[in-house]
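Novice:
Residue numbers (the numbering used here): 234 to 534.
Given below as structure tokens:
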């Protein structure tokens, strides 16, 4: 018997080589799976809602992992017999302690923040869920924010792009509105072999936050590789007056990599959240998402 555990987490992507585990490189998946393995004394594999690239942050990411009875007993207090809330709290504290310890060992002697118990990845919550939940395929959509400062100040340099000249917010929003809906976003993606580039873009707009930072809000059912940063890259050229408001739509209509959109730097991008249906709809949503993938890609994605 196995238990499926959902983990909600966040991370500062600055020092990570992305989410996906890579031999010899520090990745978010690598750190999470290492912490789970240390706590459960069993190798495990996580499934994530959205794989982020190197340097991209996450305010709220979701993954799941399947644990054997033996692994669960070693992970939880008194063999997992405690109340559900107590068990979840224990798992979160235990994993975060391991993650902080690994970060501290890595940074020892060269990072004062590490000595104060900080870490660049944090588990927010843990929950045992039904096996019908799939962090990737049960998701209804993903929400990203890309932050740009056209009045740069040093404290924001790690999570936003600096530009020297003011940006035309109205022009960028006019251009972005033309991309909404279901389209083939090949001109805005780095396609993986056999993978579809058809997506439903629900939100693409730029707005100022309370500090005056320009925040691009981007939401879709799913995103292909580098899609968000490519959308932002195209809109920035419009906002700077380099291109007219039809430029992003021209890229979309061309459906070609020959004149692909420029890709904005990774550090300005943050995964803000992942949306799921009610638990009774998890299996149906996952089946729908897999069927769409298979119809577009066969068995190659």
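Note that the Cβ used here is the ideal one computed from N, Cα and C, for glycine as well.
(1) Three or more beta-carbon pairs under 8 Å between the region 442-460 and the region 381-398, yes or no?
(2) In the DSSP output, which residue or residues are listed as bridge partners for residue 375?
(3) Which value, in whole angstroms, describes the spacing of the CA atoms of residue 320 and residue 498?
(4) Pairs of beta-carbons, one from the region 432-443 and one from the region 402-413, closer than 8 Å: are there three or more?
(5) Does the distance from the CB of residue 257 to the CB of residue 288 come in under 9 Å?
(6) So the beta strand (DSSP E) residue 514 belongs to, where does it begin and stop?
(7) Excluding sequence positions up to five away, which residues of its chain have a Cβ less than 8 Å from the Cβ of residue 329?
(8) Excluding five sequence neighbours on each side, which residues of the same chain lie with their C-beta closer than 8 Å to the C-beta of residue 325?
(9) The alpha helix (DSSP H) with residue 435 in it runs from where to where?
(10) Using the C-alpha atoms, what's the distance from residue 460 back to residue 431?
(11) Excluding sequence positions up to five away, which residues of its chain have a Cβ less than 7 Å from the Cβ of residue 384?
(12) Answer yes if the region 510-522 comes into contact with the region 459-475, meaning at least three C-beta pairs across the two stretches below 8 Å, and no otherwise.
(13) Check whether the Cβ atoms of residue 372 and residue 507 lie closer than 9 Å to each other.
(14) Using the C-alpha atoms, what's the distance from residue 423 back to residue 286?
Specialist: Considering the structure as presented:
(1) yes
(2) 453 and 507
(3) 40 Å
(4) yes
(5) no
(6) Taken as a continuous stretch (DSSP letters only), residue 514 belongs to no beta strand (DSSP E), as it is neither H nor E.
(7) 352, 355 and 356
(8) 356, 357, 358 and 359
(9) That residue, residue 435, is in no alpha helix (DSSP H); its beta strand (DSSP E) goes 431-441.
(10) 11 Å
(11) 445
(12) no
(13) yes
(14) 12 Å
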